[in-house]
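Visitor:
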Amino acid sequence: MEVRGFPPLWCAWMDSLFHSSRSAVLLNGVPGRWFQVGCGLRKGDPVSPYLFIIVADVLQRLIRHDDVLRHPLLPDAPAVVLQYVDDTLIIMRVCGRGAARLKLLLDQFAEATGLVINF
1 MEVRGFPPLW
11 CAWMDSLFHS
21 SRSAVLLNGV
31 PGRWFQVGCG
41 LRKGDPVSPY
51 LFIIVADVLQ
61 RLIRHDDVLR
71 HPLLPDAPAV
81 VLQYVDDTLI
91 IMRVCGRGAA
101 RLKLLLDQFA
111 EATGLVINF
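So the sequence shown is residues 1 to 119, counted in full-length UniProt numbering.
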């Protein structure tokens with residue numbers, strides 16, 4: 001996040017959210033003992049959609065700044081990337097080299113983020 005220009009204090013807050021959360025399991029309406037959550041955000045955390053947007057933007061930038069992936073009609077323009085919620089639509093010139101490059105970028109993105117890419 002620091003690379004994206006977020007101040008150190010903000011990064012420390014996010015780190016705290018990811019590494020110092022505690023949770024308890026409700027069983028028949030009765031909370032159990034509290035336990036430390038190793039990593040990640042709790043379900044329903046209000047900051048989650050905003051963090052996802054930051055991660056999704058990384059994918060968009062990877063595709064738009066790639067020299068191989070080009071617009072289908074304008075050879076000097078980058079591929080078009082449309083994103084809505086957790087869906088991404090990539091519009092690009094069809095070619096074997098471009099398809100292989102896109103697959104490589106998506107695989108690298110999935111490995112780096114832990115997100116699953118559905119083809």
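C-beta: ideal position from N, C-alpha, C; glycine also.
State buried or exposed for residue 12, treating a residue as buried only when at least 16 other CB atoms are found within 10 Å of its CB.
Guide: The residue in question, residue 12, is exposed, as its Cβ has fewer than 16 Cβ neighbours within 10 Å.
Visitor: Quick one: grab the DSSP three-state call for residue 91.
Guide: strand
Visitor: Please list the terminal residues of the continuous alpha helix (DSSP H) segment that includes residue 58.
Guide: 48 to 64
Visitor: So what's residue 21 in DSSP terms, helix, strand or just coil?
Guide: coil
Visitor: Taking only the alpha-carbon atoms, compute the straight-line gap between residue 21 and residue 44 and give it to the nearest angstrom.
Guide: Straight-line Cα distance between these residues: approximately 13 Å.
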